[in-house]
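> Numbering (the working numbering), first residue to last: 2 to 282. Even for Gly, the Cβ is constructed at its ideal location relative to N, Cα and C. Right, I'll just put the structure down here and ask away after.
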């Protein structure tokens, strides 16, 4: 099997694995972003002053993991309402004053139906709070169907990685199968095991590095294409060092460590067998 064929096959398998890994990690990251963008709207009595509202915000900040807070006082709410509906009569607001509105954006880990339900019950026990609302259907969907989707994607990627691992292992073994008589002949003329192993190990390293570079270029091109068609922005991946680090580590494992270990074990196995046993394979 030719050197170029081996490199291209390894690069293609690494590329598929990289796409699967980045896709699954991107789906997981998307779930976190969706949870963090769900607002919890808290409406408070308009008679409350700013100090009372600030005290309650401080209490909520310590009772649940809050990521960001927005506070809209009644006067600012009136300005926003007038901007959206210019025909509204401001004198009507005097008879039905606007409440204080506090918008909480929570950390993704606490955006769960049970957690938010308990948090809302705690807030509604405060007589100064008029109402608490959030997108319940979105929270339920993220905690049920989206989780199932993530599990299916993760399972598919895991199967792809296992298939890639087994394919690379068998591919390397098949390549060395063609060299088994040459390996045995070198041993017969007195060559040391390391002298025999060294060229095959270096060949596996060179092939892995070239395949890894080709796969990396393919993944970079895919990311650029997705950014150009505005499907997935590049900063969605580039700005996540954990995603890139995990994907790179797995690809290095598949491209270098696995082929080198398979080369070592396969070559050592041929060195240990008797010459007549080679004809039985």
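1. What runs of the alpha helix (DSSP H), each 4 residues or longer, lie entirely inside the stretch 175-220?
2. Just how far apart, CA to CA, sit residue 70 and residue 56?
3. Pick helix, strand or coil for residue 5, following the three-state DSSP scheme.
4. Throw me the rounded Cβ distance for the residue 140 and residue 105 pair, which I believe falls under 8 Å.
5. Could you tell me which whole alpha helix (DSSP H) segments of length 4 or greater appear in the stretch 103-176?
6. Are at least three pairs of beta-carbons, each pair with one atom in the stretch 5-22 and one in the stretch 200-217, less than 8 Å apart?
7. Near residue 24, what residues of its chain come up, given a Cβ to Cβ distance below 6 Å and the 5 sequence neighbours on each side ignored?
8. Report yes if the C-beta distance between residue 74 and residue 101 is below 9 Å; otherwise report no.
9. Tell me whether residue 120 is buried or exposed, calling it buried when 16 or more other Cβ atoms sit within 10 Å of its Cβ.
10. Does the separation of the CB atoms of residue 218 and residue 253 fall below 9 Å?
11. Taking 9 Å as the cut-off, decide whether the C-beta atoms of residue 133 and residue 39 are in contact.
12. Just confirm the distance between the C-beta atoms of residue 146 and residue 267, as a whole number of angstroms; I'd bet it's less than 8 Å.
13. Going by DSSP, which residues form a beta bridge with residue 72?
14. Report back the beta-carbon spacing between residue 202 and residue 264 to the nearest angstrom; my notes put them in contact at under 8 Å.
15. Would residue 14 and residue 255 qualify as a contact pair, given that the criterion is a beta-carbon distance under 9 Å?
16. Between 167, 257, 45 and 29, which has its C-alpha nearest residue 152's C-alpha?
17. Alpha carbon to alpha carbon, how far is residue 229 from residue 221?
18. Can you tell me whether residue 40 is helix, strand or coil according to DSSP?
19. Give the straight-line distance between the Cα atoms of residue 195 and residue 258, rounded to the nearest whole angstrom.
20. When you compare only the Cα positions, how much space is there between residue 224 and residue 47?
21. Grab the span of the alpha helix (DSSP H) containing residue 65 for me, first residue to last.
22. Going along the chain, which residues of its own chain have a beta-carbon closer than 7 Å to the beta-carbon of residue 32, five neighbours each way excluded?
Walking through what the data contain:
1. 181-189
2. 13 Å
3. helix
4. Actually they are not in contact, since the Cβ atoms of residue 140 and residue 105 sit about 13 Å apart, beyond 8 Å.
5. 114-125 and 137-144
6. yes
7. none
8. yes
9. buried
10. no
11. no
12. Rounded, the Cβ-Cβ distance is 46 Å, inconsistent with contact.
13. 103
14. 6 Å
15. yes
16. 29
17. 12 Å
18. strand
19. 18 Å
20. 50 Å
21. Segment: none, residue 65 is in no alpha helix (DSSP H) and carries neither H nor E.
22. 143, 147 and 151
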